[in-house]
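Participant: Under numbering that gives the first Met the number 0, read the sequence shown as residues 0 to 288, first letter to last.
We treat Cβ as the ideally placed atom computed from N, Cα and C, and that holds for glycine.
Nothing here was measured: the structure is a model prediction, and the numbers come from that model.
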Amino acid sequence: MAAVILVMSSGSVVLADPADQAATAVPTGATAVPTPACVIPPSGIIINVSNPNPGASLSPGSSVIITGTAYDQASTSGSGISSVTAYLGSRDAGGIFLGNATLGQSSGGSGPAANAGFTLRSSTLPPGSGARSIFVYAQSSISGNTASTEVPLYLGPAPTAVKGVVPTAVLPPPPACTPTPTPAPTNTPTPVPPTPAPAVATSAPTAPLAPATLAPTVLPTLAPLATTAPAEAPAAGAPAAATPASAVAPAAATTAPRGGGIPAELGLPLLAVGALVFGGGYALRRRKM
Numbered sequence: 000m001a002a003v004i005l006v007m008s009s010g011s012v013v014l015a016d017p018a019d020q021a022a023t024a025v026p027t028g029a030t031a032v033p034t035p036a037c038v039i040p041p042s043g044i045i046i047n048v049s050n051p052n053p054g055a056s057l058s059p060g061s062s063v064i065i066t067g068t069a070y071d072q073a074s075t076s077g078s079g080i081s082s083v084t085a086y087l088g089s090r091d092a093g094g095i096f097l098g099n100a101t102l103g104q105s106s107g108g109s110g111p112a113a114n115a116g117f118t119l120r121s122s123t124l125p126p127g128s129g130a131r132s133i134f135v136y137a138q139s140s141i142s143g144n145t146a147s148t149e150v151p152l153y154l155g156p157a158p159t160a161v162k163g164v165v166p167t168a169v170l171p172p173p174p175a176c177t178p179t180p181t182p183a184p185t186n187t188p189t190p191v192p193p194t195p196a197p198a199v200a201t202s203a204p205t206a207p208l209a210p211a212t213l214a215p216t217v218l219p220t221l222a223p224l225a226t227t228a229p230a231e232a233p234a235a236g237a238p239a240a241a242t243p244a245s246a247v248a249p250a251a252a253t254t255a256p257r258g259g260g261i262p263a264e265l266g267l268p269l270l271a272v273g274a275l276v277f278g279g280g281y282a283l284r285r286r287k288m
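1. To which residues of the same chain is Y281 closer than 6 Å at the C-beta, ignoring the five residues directly before and after it?
2. Examine chain D for any beta-carbon lying closer than 9 Å to the beta-carbon of L275, and answer yes or no.
3. Let me confirm a value: E149 is counted as buried when at least 16 other C-beta atoms fall within 10 Å, else exposed. Which label applies?
4. Is it right to say F117 is buried, meaning 16 or more other beta carbons lie within 10 angstroms of its own, or is it exposed?
5. Use the C-beta contact count for S56: other C-beta atoms within 10 angstroms, 16 or more gives buried, fewer gives exposed.
6. What residues are listed by DSSP as bridge partners for T145?
7. Give me the DSSP bridge partner(s) of P126.
8. Report the option in V63, G279, S106 and T145 whose CA atom is closest to the CA atom of N52.
9. With distance defined between alpha-carbon atoms, name the residue in R120, P268 and V276 nearest to S61.
10. For a test of the three-state rule: what should DSSP assign to A324, helix, strand or coil?
11. Report the partner residues of F117 according to the DSSP bridge assignment.
12. Just confirm the distance between the C-beta atoms of P137 and A85, as a whole number of angstroms; I'd bet it's less than 8 Å.
13. Relative to the C-alpha of G110, which candidate in G79, G54 and P151 has its C-alpha closest?
14. Any idea what DSSP makes of V48, helix, strand or coil?
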């Protein structure tokens, strides 16, 4: 069973009683302490802390031996780590500096991890009690980047465990993940074509109606009345033959029917007047149309 080496204020080194680490032992079937989220070593730097264990109880005024491995996966010779430091509390939040680790120790691994072991004897722990965390920082000699890991534990006695129940270490909230900002797509406004104005139907100007031209009324031409040519006088000197004269009725003489009638002398004038009346009425009707 692993034991925690504590350096007392007098300078003597003692081994912690295994009973003091009961809170760190995980019995069979118990739930293991979850690993804090978002602890992703940047640039391929790997840090493993083997001592102290998460949930360990450390005595105020004593020292603690911190051991583990740290290496850069990009290294082709050695661990690729230039320094390992430890703090009680986050370095960025004003944690207490615990010291620099000794590097280059054999770890039993291969490749960059072959001699990646480190050991650090801390300075005297401050007084106090309650949940704390030890932060271990490793800097790469290849890229110059620094990675860190956190070990949650207790300063002073651990919380009293209920009989039959293994106490669970109260872990600090995991570091917040910094999401990579994703550029939001920029909506390019699409130009809206202007709405064409409704076309107003323009009626073509109507040509003024030409005044109706009345065709001249052609009056019927009256045929001249037939006249009887006078009979030629017999040549002088020639004795007229004694021929009995035949009675010739006048050509224009008409016999009026019984009961009254229109004499021939009035028929043609009346016909002409009727034609004029008919023609005038026809012309007046066309003008009204």
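Facilitator: Per the coordinate set shown:
1. For Y281, where only same-chain residues beyond five positions count, there are no Cβ hits under 6 Å.
2. Absence of chain D from the displayed structure is noted, only one protein chain being present.
3. Buried, since its Cβ has 16 or more Cβ neighbours within 10 Å.
4. Buried, because 16 or more other Cβ atoms sit within 10 Å of the Cβ of F117.
5. Looking at its Cβ environment, which holds 16 or more other Cβ atoms inside 10 Å, S56 is buried.
6. Bridge partners of T145: Q138.
7. None, per the DSSP bridge assignment.
8. Relative to the Cα of N52, the nearest Cα in the group V63, G279, S106 and T145 belongs to V63.
9. Ranking the options by Cα distance to S61, first place goes to R120.
10. There is no way to answer for residue 324, as the model of the chain reaches only from 0 to 288.
11. Beta-bridge partners assigned by DSSP to F117: G67.
12. For the record, residue 137 in the displayed sequence is Ala; it is not Pro. So it is not a contact: roughly 10 Å between Cβ atoms.
13. Nearest to G110 by C-alpha distance, out of G79, G54 and P151, is G79.
14. Note: V48 maps to strand in three-state DSSP.
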